[in-house]
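S.K.: In this note's numbering, the protein residues as written are 36 to 617.
Positions of the beta carbon are idealized from the N, C-alpha and C atoms, including for glycine.
Can you keep this structure in mind? I'll have questions shortly.
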């Protein structure tokens with residue numbers, strides 16, 4: 036008795052199943068991807084259904100050396116994308132990378148590579164050969180020895196020699212040996228496949244005009260990548276052009292029909308969307324969207340925006356951490372852009388953000404968010420150029436660790452948020468409008484401190500102290516000198532440091548006994564405020580409004596560091612908040 040056969044699967048159902056398998060592969064660990072693909076009933080169809088971007092990233096995620104079978108299954112279109120991404124460095128072809136990737140494709144499927152070279156990549160191969168081989172054509176009465184050493188032939192007419200170049204390290208020598216081995220195998224297979232066309236290829240290669248050919252190859256490459264958001268640098272950098280909320284009204288709007296059916300035959304890049312993590316306004320707004328078609332459209336747009344940012348930043352993405360960083364950056368500025376467009380009194384902010392996502396282009400929302408970070412940078416740059424600390428030739432370390440870190444993030448080419456909690460680098464992209472606001476508030480405090488010191492008419496000499504001078508120990512030392520009735524720093528020719536014996540009296544009067552430990556009483560804090568207001572000729576109420584929290588934090592730090600230290604145990608080497616003589 037024969038088993039009843041299952042009815043054949045229709046095209047739409049097959050496409051849907053492939054889409055489900057793709058999503059499972061991309062959301063899972065790279066170690067399982069190869070086995071899932073190779074165990075699939077139609078592995079080639081599954082691989083071809085990947086978007087070029089997702090497949091390229093998956094190959095790097097698995098490891099190029101381990102992904103040979105996957106590369107062999109890839110389509111010519113996917114091969115072309117790999118070369119477009121791998122063998123160019125800005126507007127110049129990287130011949131070492133070209134050699135490496137031609138070798139990878141040659142090892143994956145040599146016969147198909149040969150056909151592809153002749154049928155689709157003839158200009159690329161000609162230019163590659165022009166840069167890597169020399170050609171001699173032997174006349175009937177000419178001896179091959181006339182050409183010199185290193186030439187080889189397979190027809191006794193066309194003689195080829197690899198271009199030699201000096202190497203200085205074992206690594207460079209190994210690269211040249213791999214190039215020679217790969218080229219020898221490629222030329223042999225091209226000759227066997229179609230020898231007359233092989234001879235024509237060599238002749239055309241030697242007649243190449245390099246500058247024109249490279250420019251043409253680069254132009255076509257940019258057209259192909261531009262369709263995926265990888266614009267040339269001079270165009271991609273436009274993603275950082277600031278856009279104000281009021282300017283969005285005149286910008287192009289988009290129309291998404293949530294009720295439209297999802298087209299699984301169009302392989303939307305999914306790796307980018309899979310890295311959307313965290314809890315910001317943009318991510319919450321996506322979860323509010325209804326309709327798979329709208330989400331699919333947004334995924335494609337998000338992938339294109341991430342690709343444009345990658346092109347603008349001129350970075351190469353080859354692992355999950357790098358892609359995660361780009362997606363986090365884009366997600367953060369999209370969240371900031373949405374927050375700027377929604378009034379504070381709006382009740383359901385996520386619903387309104389979802390509406391804006393369906394109305395405005397993501398690139399415009401990104402530019403609106405980035406405009407806030409850029410305005411912070413411009414404000415910091417303008418202030419620093421005319422600041423008191425700049426006039427005194429003080430380094431940014433003058434602003435102590437937290438303020439120094441904040442300024443360091445704003446005064447670089449692309450503004451960054453200073454996050455001291457990060458274990459490796461303390462700098463990252465801004466993620467929320469609250470981080471923008473907090474940084475703006477701290478910048479205002481720095482500017483107010485700088486203005487205060489300028490109004491005090493202080494001149495800081497390089498010999499003002501033997502230790503690192505910060506705004507903290509400068510203000511506190513000046514206050515202590517005033518209370519001890521010591522001469523001003525100008526009368527002391529720039530020497531601010533106080534002797535330990537003189538400082539002991541001030542230090543003893545600084546403290547008040549608290550319940551559990553010594554504290555600095557409100558009378559001392561108010562005395563400091565009145566001194567600073569008098570020295571800077573500023574109203575003490577205004578000064579308290581501008582810098583009250585900074586001064587309060589300063590006294591809290593004194594209590595944390597010195598509350599348990601008695602005057603007799605003070606060691607100038609370990610006291611950072613006052614400048615004491617050793």
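For the candidate residues 607, 517 and 555, whose alpha-carbon lies nearest to that of residue 570?
M.R.: For the residues 607, 517 and 555, the minimum Cα distance to residue 570 belongs to 517.
S.K.: Which first and last residues belong to the beta strand (DSSP E) in which residue 193 is found?
M.R.: 193-197 is the span of the beta strand (DSSP E), which, as asked, contains residue 193.
S.K.: By Cβ distance below 6 Å, which residues in the same chain neighbour residue 71 in space, the five residues on each side in sequence not counted?
M.R.: The residues are 60.
S.K.: With a cut-off of 8 Å on the beta carbons, I'd call residue 130 and residue 171 a contact; round off their distance for me.
M.R.: Not quite, the Cβ-Cβ distance comes to about 22 Å (not below 8 Å), so this is no contact.
S.K.: Going by DSSP, what residue range makes up the beta strand (DSSP E) through residue 115?
M.R.: Here residue 115 belongs to no beta strand (DSSP E); instead the alpha helix (DSSP H) covers 111-121.
S.K.: Alpha carbon to alpha carbon, what distance is there between residue 224 and residue 146?
M.R.: Their Cα atoms are separated by approximately 8 Å.
S.K.: Could you give the distance in angstroms between the alpha-carbon of residue 68 and the alpha-carbon of residue 182?
M.R.: The straight-line gap from Cα to Cα measures roughly 51 Å.
S.K.: Across which residues does DSSP place residue 538 in a beta bridge pair?
M.R.: Looking at the DSSP assignment, residue 538 forms no beta bridge with any residue, so it has no partner.
S.K.: Going by beta-carbon coordinates alone, are residue 92 and residue 57 separated by less than 8 Å?
M.R.: No.
S.K.: Could you have a look at residue 547 and say whether DSSP puts it in helix, strand or coil?
M.R.: Residue state, collapsed to three classes: strand.
S.K.: Would you be able to state if there are at least three C-beta pairs under 8 Å between the segment 394-403 and the segment 266-281?
M.R.: Output reads yes: the segment 394-403 touches the segment 266-281.
S.K.: For residue 396 and residue 353, I'd like the C-alpha separation in whole angstroms.
M.R.: Approximately 27 Å between the Cα atoms of the pair.
S.K.: Is residue 471 helix, strand or coil by DSSP?
M.R.: Reduced to three states, the DSSP call for residue 471 is helix.
S.K.: For residue 525, is the classification buried or exposed, using 16 other Cβ atoms within 10 angstroms of its Cβ as the cut-off for buried?
M.R.: The predicted model places residue 525 with a pLDDT of 46, which falls under 50 and marks its position as unreliable, so this point remains unresolved.
S.K.: So, under 8 Å CB-CB, residue 532 and residue 445 are touching, yes? Tell me the CB distance rounded to an integer number of Å.
M.R.: Their Cβ separation, rounded to whole angstroms, is 32 Å, which puts residue 532 and residue 445 out of contact at 8 Å.
S.K.: Distance, Cα to Cα, residue 521 vs residue 538?
M.R.: The straight-line gap from Cα to Cα measures roughly 11 Å.
S.K.: Identify whether residue 281 lies in helix, strand or coil by the three-state DSSP scheme.
M.R.: In this structure, residue 281 counts as helix in the three-state DSSP scheme.
S.K.: Are the beta-carbon atoms of residue 97 and residue 139 separated by less than 8 Å?
M.R.: It is not a contact, given that the beta carbons lie outside the stated cut-off.
S.K.: At the level of alpha carbons, what is the spacing between residue 312 and residue 318?
M.R.: Those two C-alpha atoms are separated by around 8 Å.
S.K.: Count the other CB atoms within 10 Å of the CB of residue 200; is the residue buried (16 or more) or exposed (fewer)?
M.R.: By the 10 Å Cβ count, residue 200 comes out exposed.
S.K.: Tell me whether residue 457 sits in a helix, a strand or coil according to DSSP, three-state version.
M.R.: Residue 457 falls in the coil class under three-state DSSP.
S.K.: Whose CA, out of 421, 81 and 596, lies closest to the CA of residue 552?
M.R.: The candidate whose alpha carbon is nearest that of residue 552 is 596.
S.K.: Could you name the residues of the same chain whose beta carbon sits closer than 6 Å to that of residue 534, not counting the 5 residues immediately before and after it, in chain order?
M.R.: Within the same chain, residue 534 has close Cβ partners 616.
S.K.: CA-CA distance, residue 381 and residue 372?
M.R.: Going from the Cα of residue 381 to the Cα of residue 372 covers about 15 Å.
S.K.: Using the beta-carbon count (16 or more within 10 Å), is residue 161 buried or exposed?
M.R.: Buried is the call here.
S.K.: Just tell me which of 206, 320, 222 and 492 has its CA closest to the CA of residue 383.
M.R.: Among 206, 320, 222 and 492, the Cα nearest to that of residue 383 is on 320.
S.K.: Between residue 141 and residue 221, how many whole angstroms is the CB-CB distance? I'm expecting something under 8 Å.
M.R.: With 8 Å as the limit, residue 141 and residue 221 qualify as a contact, their Cβ atoms being about 6 Å apart.
S.K.: Going by C-alpha to C-alpha distance, which of 256, 394, 226 and 174 sits closest to residue 324?
M.R.: If we check each option's Cα against that of residue 324, 394 comes out closest.
S.K.: May I ask you to check if the CB of residue 556 is nearer than 7 Å to at least one heavy atom of the ligand PLP?
M.R.: Here there are no bound small molecules, and the ligand PLP is not part of this structure.
S.K.: Per DSSP, what are the beta-bridge partners of residue 169 in this structure?
M.R.: Answer by DSSP bridge pairing, in chain order: 196.
S.K.: What are the partner residues of residue 452, as DSSP defines its beta bridges?
M.R.: Paired residues: 463.
S.K.: Spatial neighbours of residue 364 within its chain, please: CB distance less than 7 Å, with the 5 preceding and 5 following residues excluded, ordered by chain position.
M.R.: Excluding positions up to five away in sequence, the list reads 344 and 464.
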